[in-house]
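Reminder that position 142 of the sequence shown reads as 169 in the numbering used here, one-by-one numbering, no gaps.
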Amino acid sequence: MSGRIDELSLADALRAFGRADALAIEAAARTDAALLTLVPRVARAWRLGHRLLLFGAGTSGRLAFQQAAECLPTFGLGSEAIAARIAGGEGALVAAREGAEDQVAAGADALEQLGAGSEDIVLGVTASGSTPFVRGCLDAAAARGALRVLLSASPAPRIETDILLCTPTGPELLAGSTRLKAATAAKCVLDRLTTLAACQLGRVRAGLMLAMRPSNAKLRERAVGIVASLKPCSEQAARAALEDVDWDIRAALEA
């Protein structure tokens with residue numbers, strides 16, 4: 028099959044997307060060796076009260092924010108453990124501000140606003156490996172003595188880093204649209220990093236979310252199932268134990 032994505036039949040275009048998605052998964056797996064080093068460092072930072080700070084522009088920045096936001100309900104890890112900034116500010120989460128990524132100084136300012144310290148870990152996400160905003164973040168991190176991590180689809184990034192998470196996804200089906208397989212690979216890597224670091228921190232047990240925040244009816248039912256499975260006990264007893272400790276799963280398990 029050949030031709031540009033808009034020149035293919037719908038069936039062939041869907042198959043092309045399937046192959047591209049598979050390539051993204053393969054590219055994400057190429058970071059495993061680096062993650063073997065990075066995951067324990069993130070877990071140790073969290074254990075000692077330090078942070079993982081994520082930075083990006085455009086789609087990369089939105090992926091960074093997603094990870095930071097979802098670590099609280101999933102693992103009970105809030106801004107004291109993980110935070111994110113996007114070029115152009117939080118408004119860029121819902122409306123594209125493409126020019127914001129060109130400002131190196133804005134990246135340094137974003138790091139400054141978070142008060143990054145030498146024991147924090149600073150992770151920049153950029154498909155191209157050259158985004159000025161991310162470069163500003165990582166350069167400022169180096170000046171503070173913080174560990175610098177770069178997640179990039181480029182095998183030859185132009186940003187200095189201590190640890191490179193390289194996902195060489197190659198050209199996109201829609202030329203230059205890195206929201207496609209470059210973003211898919213980046214999401215896979217960030218999922219691995221935060222989930223496995225949380226595992227090492229003891230916030231997962233038997234594949235279950237031990238520190239989940241049961242903030243709605245669905246999650247309270249899930250919490251009941253977790254306690255009933257791990258304690259083990261009846262769902263009625265699990266619910267009673269959770270209600271006694273304000274729905275703190277770990278406290279309910281220890282009761």
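We put the CB at the ideal spot given by N, CA and C, even for glycine.
Since the structure is predicted, the reported quantities are computational estimates derived from the model, not experimental observations.
Open item on the list: Buried or exposed, going by whether 16 or more other CB atoms sit within 10 Å of the CB of A282?
Closed with: Walking along the sequence shown from the start, residue 282 turns up at place 255. Result: exposed.
Task: Unbroken stretches of the beta strand (DSSP E), 3 residues or longer, contained in the segment 163 to 224 - done: Along the segment 163 to 224, the beta strand (DSSP E) occurs as fully enclosed runs of 3 or more residues at 174 to 179, 190 to 193, listed in sequence order.
Open item on the list: Quick check on G134: does DSSP put it in helix, strand or coil?
Closed with: Along the sequence shown, read from residue 1 onward, the residue named residue 134 stands at position 107. Reduced to three states, the DSSP call for G134 is helix.
TODO: With a 10 Å radius around its C-beta and 16 neighbouring C-beta atoms as the bar for buried, classify T64 as buried or exposed.
DONE: Walking along the sequence shown from the start, residue 64 turns up at place 37. Flag for T64 reads exposed.
TODO: Report the rounded CA-to-CA distance for A72 versus L220, giving the unit in angstroms.
DONE: Within the sequence shown, the letter at position 45 stands for residue 72. Within the sequence shown, the letter at position 193 stands for residue 220. Straight-line Cα distance between these residues: approximately 13 Å.
Open item on the list: Would A135 and A114 qualify as a contact pair, given that the criterion is a beta-carbon distance under 8 Å?
Closed with: In the sequence shown, residue 135 corresponds to position 108, counting from 1. In the sequence shown, residue 114 corresponds to position 87, counting from 1. It is not a contact, given that the beta carbons lie outside the stated cut-off.
Open item on the list: Excluding the 5 residues flanking L228 on each side, which residues of the same chain have their C-beta closer than 7 Å to its C-beta?
Closed with: For the purposes of this step, residue 228 is identified with residue 201 of the sequence shown, where counting begins at 1. Excluding residues within five positions, the ones whose Cβ falls inside 7 Å are A70, W73, R74.
- [ ] Tell me where the beta strand (DSSP E) around L65 begins and ends.
- [x] Counting from one through the sequence shown, the residue named residue 65 turns up at place 38. First-last for L65: 59 to 74, but that is the alpha helix (DSSP H), not the beta strand (DSSP E).
Open item on the list: Rounding to the nearest angstrom, what Cα-Cα distance links F102 and Q130 in this structure?
Closed with: Residue 102 sits at position 75 when you count from the first residue of the sequence shown. Residue 130 sits at position 103 when you count from the first residue of the sequence shown. Here the alpha carbons of Q130 and F102 stand approximately 33 Å from one another.
Open item on the list: For the beta strand (DSSP E) containing I32, name the first residue and the last one.
Closed with: As a first step, residue 32 must be located in the sequence shown, where it is residue number 5. Boundaries for I32: no beta strand (DSSP E) harbours it, and the DSSP string shows neither H nor E there.
TODO: Could you pull the start and end residues of the beta strand (DSSP E) that R78 belongs to?
DONE: Here residue 78 is taken as the residue at index 51 of the sequence shown, counted from 1. R78: not part of any beta strand (DSSP E); DSSP gives it neither H nor E.
Task: Inter-residue spacing [alpha-carbon to alpha-carbon] between G105 and L79 - done: What you label residue 105 is simply residue 78 of the sequence shown in a count that begins at 1. What you label residue 79 is simply residue 52 of the sequence shown in a count that begins at 1. Each residue's CA atom was taken as its position, placing G105 and L79 some 11 Å apart.
Task: Contact set for A279: own chain, Cβ-Cβ below 6 Å, skip 5 residues either direction - done: The residue you call residue 279 lines up with position 252 of the sequence shown. The residues V254, A268, L269, V272, in chain order, have a CB closer than 6 Å to that of A279 in the same chain once the five nearest residues on each side in sequence are set aside.
TODO: State the Cα-Cα distance for the pair S155 and S145, rounded to the nearest angstrom.
DONE: Counting from one through the sequence shown, the residue named residue 155 turns up at place 128. Counting from one through the sequence shown, the residue named residue 145 turns up at place 118. Rounded to whole angstroms, the gap between the alpha carbons of S155 and S145 is 26 Å.
Open item on the list: I need the straight-line Cα distance from E139 to L174, nearest angstrom please.
Closed with: For the purposes of this step, residue 139 is identified with residue 112 of the sequence shown, where counting begins at 1. For the purposes of this step, residue 174 is identified with residue 147 of the sequence shown, where counting begins at 1. Spanning the two alpha carbons is a distance of roughly 15 Å.
Task: Counted within 10 angstroms of its Cβ, other Cβ atoms place Q263 as buried (16 or more) or exposed - done: By 1-based counting over the sequence shown, the position of residue 263 is 236. That one is exposed.
TODO: Examine the Cβ distances between the segment 109 to 124 and the segment 243 to 259 and report whether three or more of them are shorter than 8 Å.
DONE: Contact annotation: the segment 109 to 124 does not touch the segment 243 to 259, with fewer than three C-beta pairs closer than 8 Å.
Task: Where A114 falls: helix, strand or coil (DSSP) - done: Stepping through the sequence shown from its first residue, residue 114 is reached at position 87. A114: coil per DSSP, three-state reduction.
Open item on the list: With a threshold of 7 Å (Cβ to nearest heavy atom), would L237 be considered close to the ligand FMN?
Closed with: The ligand FMN is absent from the structure shown, which contains no ligands of any kind.
Open item on the list: Within a Cβ cutoff of 8 Å, which residues of the same chain sit near L62, ignoring the five residues on either side of it in sequence?
Closed with: Reading the sequence shown from its first residue, position 35 is the one you call residue 62. Residues of the same chain with a CB within less than 8 Å of the CB of L62, apart from the 5 flanking positions on each side, are L192, V216, R219, L220, L223 in chain order.
- [ ] Would you mind giving the Cβ-Cβ distance between T194 and A180, rounded to the nearest angstrom? I have them listed as a contact below 8 Å.
- [x] Here residue 194 is taken as the residue at index 167 of the sequence shown, counted from 1. Here residue 180 is taken as the residue at index 153 of the sequence shown, counted from 1. The beta carbons of T194 and A180 sit about 5 Å from each other, so the pair counts as a contact at 8 Å.
Open item on the list: Suppose you measure from the CA of A137 to the CA of G85; what does that come to, to the nearest Å?
Closed with: Here residue 137 is taken as the residue at index 110 of the sequence shown, counted from 1. Here residue 85 is taken as the residue at index 58 of the sequence shown, counted from 1. A137 and G85: Cα-Cα distance of roughly 15 Å.
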